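A.B. asks: Please find one structure pasted underneath; my questions will follow.
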Amino acid sequence: MRLMANCRFDYLIVGNSTAAVGAIEAIRSRDRSASIGVVAAETEHAYSRPLITYYMCGKVAESNIFYRPPDFYKEANVTCILGVKAESVSTEGQFITISTGETIEYDKLLLAAGGAPIAPPIPGIERPGVFFMNTLEDARRAKGWLSHMKRAVVVGAGLTGLKTAEALVEMGQEVMVVELADRVLATTLDRTASEIVKQVFVDHRGDVLTEAQVLSFNGYEESNDLWTVTISTGESIACDTAFVTIGIRPRTELVRDTPIKTGRGILVDRHMRTNVENVYAAGDIAEAYDPLIGGTRLIPILPNAYIGGRVAGMNMSGTNAEYNLGMSVNSVNFFGLPVMSAGFAAQEEGDGFSVLTKLDGTNYRKIVIKDGKLVGIILVGNINSAGLMTGIMRAGIDVTDLEEKLLDGNLGLIDLPRDVIEERIHGTGRNWL
């Protein structure tokens, strides 16, 4: 839409992904008449970022990656201002400035702009054939490019990197993953689980090179298109496509010249409020409460973004709601192998942590216990009781007598303490599961 002079909204949301959807639905559940505006750099309505690799390789149609029906915003009476970027916030004047130079005023502001992909200063990173994998448009461009290419390098072996590599293998590409750490999914899994995932990838004709980094993206002189990458071992890897997937950086530059406090992300309390009145934050941009550590940290995962956005929307519209479910939980599938981790998953024995593991082929289970409480899990292959286990972690239930069942995956609700069962059945307390 074209902005009119003195454009103003009762509720203004910067960003249009999961957190925005949660906030819109929460606000409209209480306030049907107030004006809501959404400003976002992308032109699409809210979609699932984890599905863009599936779209790229043809597993999922583009029409099936959107969170809500096409008429969601119209039905919720939301004004969408898409294709423009929020550049700065004035908390004193209660307005934002967008990339057109225009300003938009607000009564309540939710910052849900997510993060930008980290672009390391590698020579040649701007060449045709070098992609990031952060947006639907990234996936569209890569899909078109890959239709006449055959060799790809993926820089980074985190969740996004490995899902990108999996999609490329399924598209018939020759794929090499280059990772600086000593294993894949180094921040998500321990060494045993990481090795299982790596072997599954290798079994499907993928290659992985760890403890190495890309030094340059090299191109043809005549076209500038990608030709090889040079890595820290001194080797050159032939490729015509590369993906840089080493992480995202929260867009905290939005509030750089404001009183809004930041750490690695925008700091919020359990109500998703910043330290500045009428300003909230949620999603990948926010540093929110994690009950396991008793403090704030970045938890850039989809369910937490929706919950955080919903809690923000409820508080913006007058409800007293708290965000208590924030916890790092990752669940993914690699070539048919389910992998799940939560909490202090990569923690080793010591410093008060007790670690128990069970390995049977590609089935691996690990539980991390501290002070009788379950504080970390890794499940590979056999993911039985995963939902119950994360619920136990959030609730802080004593698992001293449940260790064997947790390891075997035979835990049921009936095994929990009687007061927990009654609370769950009768709904008399926490909604932890």
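Each residue of the sequence shown is one higher than the one before, counting from 23 in the working numbering.
Idealized CB from N, CA, C, for every residue including glycine.
For clarity, every value in this text was computed on a predicted model and none was experimentally measured.
Can at least three beta-carbon pairs, one atom from the stretch 339-350 and one from the stretch 291-299, be found at a separation below 8 Å?
C.D. replies: Yes: at least three Cβ pairs fall under 8 Å.
A.B. asks: Within a Cβ cutoff of 6 Å, which residues of the same chain sit near residue 395, ignoring the five residues on either side of it in sequence?
C.D. replies: Position 373 of the sequence shown, counting from 1, holds the residue named residue 395. Around residue 395: 418.
A.B. asks: Measure the Cβ-Cβ separation of residue 111 and residue 61 and say whether it is below 8 Å.
C.D. replies: Locating residue 111 in the sequence shown gives position 89, where the first residue counts as 1. Locating residue 61 in the sequence shown gives position 39, where the first residue counts as 1. Contact: no.
A.B. asks: Give the single residue among 162, 320, 126, 69 whose Cα lies nearest to the Cα of residue 57.
C.D. replies: Taking the sequence shown and counting its residues from 1, one reaches residue 57 at position 35. Comparing Cα positions, the closest option is 126.
A.B. asks: So, at 7 Å on beta carbons, what are the nonlocal neighbours of residue 24 in its own chain, with the 5 sequence-adjacent residues on each side left out?
C.D. replies: Here residue 24 refers to the residue found at position 2 of the sequence shown. With a pLDDT of 49 at residue 24, under the threshold of 50, the predicted position of this residue should be treated as unreliable, though the coordinate-derived value follows. The answer is none, since no qualifying residue turns up.
A.B. asks: If you follow the alpha helix (DSSP H) that residue 225 is in, where does it begin and where does it stop?
C.D. replies: Numbered from 1 along the sequence shown, position 203 holds the residue referred to as residue 225. Where residue 225 is concerned, the enclosing alpha helix (DSSP H) stretches over 213-225.
A.B. asks: When you compare only the Cα positions, how much space is there between residue 331 and residue 287?
C.D. replies: Numbered from its first residue, the sequence shown carries residue 331 at position 309. Numbered from its first residue, the sequence shown carries residue 287 at position 265. Cα to Cα, the separation comes out at about 15 Å.
A.B. asks: With three or more beta-carbon pairs closer than 8 Å as the criterion, would you say the stretch 303-312 touches the stretch 230-243?
C.D. replies: Not touching, per the Cβ criterion.
A.B. asks: Does DSSP classify residue 450 as helix, strand or coil?
C.D. replies: On the sequence shown, residue 450 is found 428 positions in, with the first residue counted as 1. Low local confidence applies: a pLDDT of 45 at residue 450 is under 50, so the model's placement there is unreliable, with the coordinate-based value given in what follows. Of the three classes helix, strand and coil, the one that applies to residue 450 here is coil, per DSSP.
A.B. asks: With distances taken between CB atoms, is the gap from residue 314 to residue 375 smaller than 8 Å?
C.D. replies: In the sequence shown, residue 314 corresponds to position 292, counting from 1. In the sequence shown, residue 375 corresponds to position 353, counting from 1. No, they are not a contact pair.
A.B. asks: Does DSSP put residue 202 in a helix, a strand or coil?
C.D. replies: By one-based count along the sequence shown, residue 202 stands at place 180. Correct three-state label for residue 202: coil.
A.B. asks: Between which two residues does the alpha helix (DSSP H) holding residue 186 run?
C.D. replies: Working through the sequence shown from its first residue, we reach residue 186 at position 164. That run of the alpha helix (DSSP H) goes 181-192.
A.B. asks: Please confirm if the stretch 28-41 is in contact with the stretch 318-328, defined as three or more CB-CB distances below 8 Å between the two stretches.
C.D. replies: Because the criterion of three Cβ pairs below 8 Å is met, the stretch 28-41 and the stretch 318-328 touch.
A.B. asks: Spell out the partners DSSP gives residue 301 in its beta bridges.
C.D. replies: As a first step, residue 301 must be located in the sequence shown, where it is residue number 279. In the DSSP output, where bridge partners are listed per residue, residue 301 has 131.
A.B. asks: Considering only the beta carbon of each residue, do residue 174 and residue 190 sit closer than 8 Å?
C.D. replies: Sequence index remark: in the sequence shown, residue 174 carries index 152 (1-based). Sequence index remark: in the sequence shown, residue 190 carries index 168 (1-based). Yes.
A.B. asks: I need the straight-line Cα distance from residue 258 to residue 116, nearest angstrom please.
C.D. replies: Taking the first residue of the sequence shown as position 1, residue 258 is located at position 236. Taking the first residue of the sequence shown as position 1, residue 116 is located at position 94. Roughly 52 Å between the two C-alpha positions.
A.B. asks: Measure the alpha-carbon distance for residue 253 versus residue 198 and round it to whole angstroms.
C.D. replies: Taking the first residue of the sequence shown as 1, we reach residue 253 at position 231. Taking the first residue of the sequence shown as 1, we reach residue 198 at position 176. One C-alpha to the other measures close to 12 Å.
A.B. asks: On the CB-based measure, 16 or more other CB atoms within 10 Å of its CB, does residue 383 come out buried or exposed?
C.D. replies: Here residue 383 is taken as the residue at index 361 of the sequence shown, counted from 1. That one is exposed.
A.B. asks: What does the alpha-carbon distance come out to for the pair residue 275 and residue 372?
C.D. replies: Here residue 275 refers to the residue found at position 253 when the sequence shown is read from its first residue. Here residue 372 refers to the residue found at position 350 when the sequence shown is read from its first residue. Taking the straight line from one Cα to the other gives about 39 Å.
A.B. asks: Going by DSSP, what residue range makes up the alpha helix (DSSP H) through residue 309?
C.D. replies: Against the sequence shown, residue 309 aligns to sequence position 287. It is not in any alpha helix (DSSP H) - residue 309 instead sits in the beta strand (DSSP E) that spans 308-312.
A.B. asks: Enumerate in chain order the residues of its own chain whose CB-to-CB distance from residue 149 is below 8 Å, with the five nearest sequence positions on each side excluded.
C.D. replies: Counted from its first residue, the sequence shown places residue 149 at position 127. Within the same chain, residue 149 has close Cβ partners 239, 241, 246, 247, 248.
A.B. asks: Counting along the chain, where does the beta strand (DSSP E) carrying residue 229 start and finish?
C.D. replies: Within the sequence shown, residue 229 is the residue found at index 207, counting from 1. Unbroken beta strand (DSSP E) run through residue 229: 228-231.
A.B. asks: Applying the 10 Å Cβ sphere with the 16-neighbour rule, what's the burial state of residue 221?
C.D. replies: Taking the sequence shown and counting its residues from 1, one reaches residue 221 at position 199. So residue 221 ends up on the exposed side.
A.B. asks: Could you name the residues of the same chain whose beta carbon sits closer than 6 Å to that of residue 391, not counting the 5 residues immediately before and after it, in chain order?
C.D. replies: What you label residue 391 is simply residue 369 of the sequence shown in a count that begins at 1. Hits under 6 Å: 376.
A.B. asks: Use the C-beta contact count for residue 435: other C-beta atoms within 10 angstroms, 16 or more gives buried, fewer gives exposed.
C.D. replies: On the sequence shown, residue 435 is found 413 positions in, with the first residue counted as 1. Counting Cβ neighbours within 10 Å, residue 435 comes out exposed, since fewer than 16 surround it.
A.B. asks: How is residue 333 classed by DSSP in three states: helix, strand or coil?
C.D. replies: Numbered from 1 along the sequence shown, position 311 holds the residue referred to as residue 333. Note: residue 333 maps to helix in three-state DSSP.
A.B. asks: Does the Cβ of residue 299 have 16 or more other Cβ atoms within 10 Å, making it buried, or fewer, making it exposed?
C.D. replies: In the sequence shown, residue 299 corresponds to position 277, counting from 1. Flag for residue 299 reads exposed.
A.B. asks: Quick one: give me the first and last residue of the beta strand (DSSP E) that residue 94 is part of.
C.D. replies: Along the sequence shown, one-based indexing puts residue 94 at 72. Careful: residue 94 lies outside any beta strand (DSSP E), inside the alpha helix (DSSP H) at 94-97.
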